[in-house]
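Chemist: Pasting a structure below so you can have a look.
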Amino acid sequence: GEDVEQSLFLSVREGDSSVINCTYTDSSSTYLYWYKQEPGAGLQLLTYIFSNMDMKQDQRLTVLLNKKDKHLSLRIADTQTGDSAIYFCAEMNTGFQKLVFGTGTRLLVSP
Amino acid sequence: DTAVSQTPKYLVTQMGNDKSIKCEQNLGHDTMYWYKQDSKKFLKIMFSYNNKELIINETVPNRFSPKSPDKAHLNLHINSLELGDSAVYFCASSLLGNQPQHFGDGTRLSIL
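So the sequences go chain by chain: A and B. Taking this note's numbering, the leading residue of the first sequence gets 22, the next gets one more, and so forth. Taking this note's numbering, the leading residue of the second sequence gets 2, the next gets one more, and so forth.
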C-alpha cells in the first residue's frame with residue numbers, strides 16, 4: 022500500500038539549517054517530490070529526485086534519498102523567515118501515475 | 002500568464018446546491034488532475050485525465066463529475082453539496098502522467 026509520513030512541525034531560527042524528513046512505503050516509486058505551500062496559496066514544486074539518485078542539490082536545497090530505508094529528506098540551508106510554510110513530500114506511484122502526498126511539515130522560522 | 006488557473010478562488014454555498022469549478026492550463030500538458038485538501042491539510046487525488054480521457058477515479062462519490070472538453074481544461078462539477086465537501090480543491094497538470102505536476106492556487110469551497 023501507499024503511505025507517506027512526515028513529522029508535523031519544525032521550528033528553527035533564521036540562518037540555521039532546516040531538515041525535513043519523510044518516509045514512504047511504496048518501493049516502486051520512481052520520482053519523489055518536495056512541494057511548498059504558503060498560507061492561502063497553492064503548491065509550489067520545489068525540487069524532485071529520481072529514485073536511482075541518492076542526492077540532489079539546488080541552491081539552498083539539498084535532497085537526500087535513502088532508497089533502502091525508504092527515507093527522503095529536504096535540507097534548507099540558511100533558512101529565512103520567507104521559508105516559513107508547509108512542506109509536503111510526495112511519491113509518484115508509477116503504476117497508477119498518481120502522486121501520494123505526505124501529511125505535511127509546518128516549518129516556522131523565527132528571527 | 003498563470004500556468005494553471007482555477008476559478009473561482011472562493012466558493013460559498015448552501016448544502017444541496019450544485020456547483021462547478023473550472024481549471025485551465027496553458028503549459029501544453031497532456032495530463033490534468035483534481036486533488037482535495039481537507040482541513041488538516043491532507044492532500045488526496047480525486048481524478049486524473051490524459052488528453053481528455055479519464056485515467057484515475059479515486060473512489061470519489063459520483064456526485065463529483067469531472068469534464069474535460071479539451072486537454073487544456075478540466076472542470077469539476079459537484080451535485081448535491083454536503084457539509085463534508087468543504088475543502089480546498091486543487092487542479093494540477095503535468096506533461097505526461099509520470100512527470101512533475103504543477104498546481105493551481107486552489108478553490109476554497111465552504112458549505113453552509
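C-beta atoms are modelled at their ideal positions from N, C-alpha and C, and glycine is treated no differently.
1. Who does D79 (chain A) pair with in a DSSP beta bridge?
2. Quick check on this structure: which residue in B:P9, B:V89, B:G105 has the alpha carbon closest to the alpha carbon of K42 (chain B)?
3. Any idea which residues DSSP pairs F48 (chain B) with across the strands?
4. Are the C-beta atoms of Q102 (chain B) and some chain A residue less than 9 Å apart?
5. Are any of the Cβ atoms in chain B nearer than 9 Å to that of I70 (chain A)?
6. Considering only the alpha carbon of each residue, which of A:Q58, A:V121, A:M76, A:A106 lies closest to E26 (chain A)?
7. Determine the DSSP secondary structure at L84 (chain B), reduced to helix, strand or coil.
8. Would Y108 (chain A) and Y56 (chain A) qualify as a contact pair, given that the criterion is a beta-carbon distance under 9 Å?
9. Could you tell me whether the Cβ of Y52 (chain A) comes closer than 9 Å to any Cβ of chain B?
Modeler: Short version:
1. Looking at the DSSP assignment, D79 (chain A) forms a beta bridge with A:L82.
2. B:V89
3. B:W35, B:N58
4. yes
5. no
6. A:V121
7. helix
8. Closer than 9 Å, so yes.
9. yes
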